Amino acid sequence: MFTRVEVCQAKSGRGEAVGNKVKDDLLPIMQRQLGFVDLVVLADKANPERFVCLSFWASREEAETYHIQHYGGISDMLKPILKSPPTLETFTVVASTAHRIAVAMAA
Numbered sequence: 001m002f003t004r005v006e007v008c009q010a011k012s013g014r015g016e017a018v019g020n021k022v023k024d025d026l027l028p029i030m031q032r033q034l035g036f037v038d039l040v041v042l043a044d045k046a047n048p049e050r051f052v053c054l055s056f057w058a059s060r061e062e063a064e065t066y067h068i069q070h071y072g073g074i075s076d077m078l079k080p081i082l083k084s085p086p087t088l089e090t091f092t093v094v095a096s097t098a099h100r101i102a103v104a105m106a107a
């Protein structure tokens, strides 16, 4: 399993708008993508305009296909309410109880 971690900062007072946009517009796009597993959106209690979005994918290739096909349009959709473009990092999921993943680590 593979995850994309995006961190974004909403414009002042626009945190709720970002959360709604992700839930109402972004999530349905992701759910239609081959390999999409889950989306977790975290709000920063100390900075309510800061979000961390973790999307889980069955494979790196499927996440990359999503990125190529949809990331530009989604970035454009969020641009009016974000302070700056989101940062993106990618990771291989080593373990997850929610997704019943356990990868044996070499000794």
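Under my numbering, the first residue of the sequence shown is numbered 1, with each subsequent residue one higher. All C-beta atoms in this analysis are idealised placements derived from N, C-alpha and C, irrespective of residue type, glycine included. Just so you know, these numbers come straight off a predicted model, no measurement behind them.
Length of the line joining the Cα atoms of residue i and residue j
i: S55; j: Y66; result: 11 Å
i: P85; j: A63; result: 19 Å
i: A95; j: L42; result: 19 Å
i: E16; j: P28; result: 18 Å
i: S12; j: F2; result: 32 Å
i: T87; j: K79; result: 13 Å
Under the three-state DSSP convention, the category residue i falls into
i: A17; result: helix
i: Q9; result: strand
i: A95; result: strand
i: A58; result: coil
Closest by C-alpha distance to residue i, when choosing among the options
i: W57; options: K45, Q9, T92; result: T92
i: R98; options: V37, Q31, K23, R4; result: Note that residue 98 corresponds to Ala in the displayed sequence, not to Arg. Taking only the C-alpha atoms, the option nearest A98 is V37.
i: R4; options: P48, K79, Y71, N20; result: Y71
i: N47; options: A10, V40, S75; result: A10
Presumed contact (8 Å Cβ cut-off) between residue i and residue j, rounded CB distance
i: D25; j: M77; result: 6 Å
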